[in-house]
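Trainee: Just so you know, the sequences run in chain order A and B. Going from the first sequence to the working numbering is simple: count from 1 and add 1. Going from the second sequence to the working numbering is simple: count from 1 and add 2. Virtual Cβ for every residue (Gly too), placed ideally from N, Cα, C. Just so it is clear, the structure is predicted and the values come from calculations on it, not from any experiment.
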Amino acid sequence: MELYSLTIHELLDKLRKGETSSVEITASVFGRIDAVEKDVRAYITLMRETALAEAARADEAIRKGGIGALTGIPIALKDICCTNGVRTTCGSRILQNFIPPYDATVVEKLRAAGAVFAGKTNMDEFAMGSSTETSFFGATRNPWDLTRIPGGSSGGSAAAVAAGECIAALGSDTGGSIRQPAALCGVVGMKPTYGRVSRFGLVAFASSLDQIGPFTKDVEDCAILMNVIAGYDPRESTSVPEEVPDYRQFLGRGIEGWTVGIPKEYFIAGIDPEVEAAVRQTIRVVEGAGARCIEVSLPHTEYCLAVYYIVAPAEACSNLARYDGVKYGFRSEEGRDLMEMYKKTRAAGFGAEVKRRIMIGTYALSSGYYDAYYKKASQVRALIKRDFDEAFAKCDVILTPTTPTPAFRIGEKTDDPMQMYLSDIFTISTNLAGIPGISVPCGFTAAGLPVGVQFLAGHFQEGQLIQFASAYEKQAHLEKRRPTL
Amino acid sequence: MEKIKISQDEVTYVAHLARLEFGEEEKEKFTFQLNEILRYMDKLGEVDTAGVEPMTHAIAQKNAFREDAVGVSLPPEVSLANAPESRGGCFQVPKVIE
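1. Based on the DSSP output, what are the partners of K79 (chain A) in its beta bridges?
2. Would you say C82 (chain A) faces chain B, with C-beta separation under 8 Å as the test?
3. Spell out the partners DSSP gives A59 (chain A) in its beta bridges.
4. What does the alpha-carbon distance come out to for the pair G66 (chain A) and E126 (chain A)?
5. For a contact meaning CB atoms closer than 7 Å, what does T363 (chain A) contact in chain B?
6. For chain B, check one thing: does any of its Cβ atoms lie closer than 8 Å to the Cβ of S209 (chain A)?
7. Name the residue from A:L321, A:I361 and A:V441 whose alpha carbon lies nearest to the alpha carbon of E173 (chain B).
8. Taking D11 (chain B) as part of the alpha helix (DSSP H), name the residues at either end of that continuous run.
9. Expressed to the nearest angstrom, what Euclidean distance is found between the alpha-carbon atoms of P451 (chain A) and R180 (chain A)?
10. Would you kindly report the start and end of the unbroken alpha helix (DSSP H) that includes M129 (chain A)?
11. Can you tell me which of the three DSSP states P314 (chain A) falls into?
12. Quick check: what's the CA-CA separation for D494 (chain A) versus N320 (chain A)?
13. Under 7 Å Cβ-Cβ, which residues of chain A neighbour A71 (chain B)?
14. Alpha carbon to alpha carbon, what distance is there between S22 (chain A) and R142 (chain A)?
15. If you draw a straight line from the C-alpha of E46 (chain B) to the C-alpha of A373 (chain A), how long is it?
16. Which class does G172 (chain A) belong to by DSSP, given the choice of helix, strand or coil?
17. Can you check which of these residues, A:L479, A:E341 and A:I439, is closest to V95 (chain B) by C-alpha distance?
18. When you compare the CB of N37 (chain B) with every CB in chain A, is at least one pair closer than 8 Å?
19. Output needed in chain order: residues of the segment 80-104 of chain A with a Cβ under 7 Å from some Cβ in chain B.
20. Count the other C-beta atoms from every protein chain shown that fall within 10 angstroms of the C-beta of M43 (chain B), then say buried if there are 16 or more, exposed otherwise.
21. Could you check which residue in A:A278, A:V107, A:Y310 and A:T239 has the C-alpha nearest to that of L203 (chain A)?
22. Starting from the beta carbon of M419 (chain A), find every residue of chain B whose beta carbon is closer than 8 Å, and list them in chain order.
23. Can you check whether the C-beta of M3 (chain B) is within less than 8 Å of a C-beta belonging to chain A?
24. Give the C-beta separation of L71 (chain A) and I26 (chain A) to the nearest angstrom, bearing in mind that I take them to be a contact with Cβ-Cβ under 8 Å.
25. Less than 8 Å between the CB atoms is what I'm expecting for S424 (chain A) and S131 (chain A), so what's the real figure, rounded?
26. Go ahead and pull the three-state DSSP assignment for V220 (chain A).
27. With a cut-off of 8 Å on the beta carbons, I'd call A378 (chain A) and I311 (chain A) a contact; round off their distance for me.
28. If you reduce the DSSP assignment to three classes, tell me which class M3 (chain B) lands in.
29. Could you tell me which of A:A36, A:L185, A:V198 and A:E20 sits nearest to T406 (chain A), measuring between CA atoms?
30. Going straight from the alpha carbon of C83 (chain A) to that of L19 (chain B), what length do you get?
31. Grab me the residues of M3 (chain B)'s own chain with a C-beta within less than 8 Å of its C-beta, minus the 5 sequence neighbours each way, in chain order.
32. What residues in its chain sit with their C-beta under 6 Å from that of A349 (chain A), if we drop five residues either side in the sequence?
33. Between which two residues does the beta strand (DSSP E) carrying E23 (chain B) extend?
34. Please tell me whether E55 (chain B) has its Cβ less than 8 Å away from any Cβ of chain A.
35. Can you tell me whether M419 (chain A) is helix, strand or coil according to DSSP?
36. Say whether chain B places a C-beta atom closer than 8 Å to the C-beta of A348 (chain A).
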């Protein structure tokens, strides 16, 4: 087994026993990148030189007996997390030369835990997309089938983990941007509770929805990364000063006697039959582990997409007002006065999907339309949250498909925004309600494409999700497959 | 013919509010797509929201106050390092007033 294909916990074990070194692991990961990156295109920026230096320092620390939670482990960062001195593009032309003068809190935390940074991964521009095709730097491809999309917006992170181009990665999730690509690439992805992980240094998309979370090869690694990144940050006013448990203690505890809610609104016409079959099989697996499954109802599910595509663009058009060609980023040279400079800079700096969302958001907030769109959406959002509160009064976790279909083909939906938006139909409600969710691999289609199952729980119950997901993972006995690249 | 939600002229006006501009062909395509998206939003009209308090945050939050104490901030030259143009410790922009 090559080092790049191992998990964080397997590699930490080897490092502790002196069976390998961080320099060897890092060299293995970059060897893999050299072999497959030309096909997968998961990264925008590679950090090879600094990674090897960090690896050497990690080995020095291990020799002195100091092994931290992630010492010597190569991690990739979605290119939306600010990295001191390393360009952070958010997949956009407008930030293509932006070099942050500080680290995001999550980057600081990973650094303090001893991580090695492999690079910055590709993403839909400003995290707006479900396929990683809207990136200014070109599309990432799904390692399981290079003619297909890896999902999005954190498609580079998901593809990098699946292809062995890093050991684990961070992404961000505003409407499914961690869980959807995790499902389509066959890896584990978690969106924590709103407020659980600091977003200081995360380029803002929709501030009432955005959350940072991990991509890993298994649930144990998810717990390890959550232990590092979760927690209150005084620099981020929406981060919540709640105590963070040791998430590893939830592994292997079992789910005997748990009640699992199956929302009837998530098994609808239009869901791919192979996806539905794989997810139905997970219901049998968790029942086999001693859980009881009941039907629950989330009656406002069909309105989630409409609410999301008002709320998220409304917040985005305000957040993206800062890209004006003055303080950082691209500036068009064509403007003769300030107003023209703004317009030409933004017209040339943003791609079509970002402009579409800025337009929807600006329209929805504009005088005369505010009540009909933004206020109405915010009211329906309250009802969506109430649906979850009522469902969680009857069950411990909710089980749904992560996506309605497996990975679709590159180019298939790029000209049809509504069809693209529909691929997030099962993940969006989680962000609107602020609850945590995890996507875990649950099988493959006949064509060999991964399928994911999603588990949801109440606010700050990431531990329960890890407990449930690890019990499922242990019981599922899924065939160990890797993409052939 | 389905109802027009947003006309090409409105698209031009909203683009100005958002400090964007479009070519003719782009404007036509955007108008078509925005109409399609906004028609989908009509679904929300089916929901009875009388008396429902709008939700703007997922977690009940109080304002986060902190002491008004001087901390470490970025030196001016670092703050200006990413600026397309700067002069004399300031961001530089094209002429605002004729």
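Mentor: Judging by the given coordinates:
1. A:T122
2. no
3. Beta-bridge pairing links A59 (chain A) to no other residue.
4. One alpha carbon belongs to G66 (chain A), the other to E126 (chain A), and they sit about 42 Å apart.
5. Taking a Cβ-Cβ cut-off of 7 Å, the neighbours of T363 (chain A) in chain B comprise V16, L19 and A20, given in sequence order.
6. yes
7. Coverage of chain B is limited to positions 3 through 100, which leaves residue 173 (chain B) absent and any answer about it impossible.
8. Q10 to L19
9. 13 Å
10. Where M129 (chain A) is concerned, there is no enclosing alpha helix (DSSP H), given that its DSSP letter is neither H nor E.
11. P314 (chain A) falls in the helix class under three-state DSSP.
12. Any question about residue 494 (chain A) goes unanswered here, given that chain A covers just 2 to 486.
13. Within chain A, no residue comes near A71 (chain B); the closest Cβ sits about 12 Å away, beyond 7 Å.
14. 31 Å
15. The question names Glu, yet the displayed sequence has Leu at residue 46 (chain B). As the crow flies, the alpha-carbon of L46 (chain B) is around 9 Å from that of A373 (chain A).
16. strand
17. A:E341
18. no
19. F99, I100 and P102
20. buried
21. The residue with the shortest Cα to Cα distance from L203 (chain A) is A:V107.
22. E38, I39 and Y42
23. Per-residue confidence for M3 (chain B) stands at a pLDDT of 46, beneath the threshold of 50, marking its modelled position as unreliable; no derived number is given.
24. Not confirmed; about 12 Å, so no contact.
25. 5 Å
26. helix
27. About 4 Å; that satisfies the 8 Å criterion.
28. Note on M3 (chain B): pLDDT 46, under 50, position unreliable in the model; the coordinate value appears next. It is coil, neither helix nor strand.
29. Residue A:L185 is the option with its Cα nearest to T406 (chain A).
30. Distance between the alpha carbons of C83 (chain A) and L19 (chain B): 29 Å.
31. The predicted model places M3 (chain B) with a pLDDT of 46, which falls under 50 and marks its position as unreliable, so this point remains unresolved.
32. The residues are S333.
33. Per DSSP, E23 (chain B) belongs to no beta strand (DSSP E) and is neither H nor E.
34. Chain A contact via Cβ: present.
35. helix
36. yes
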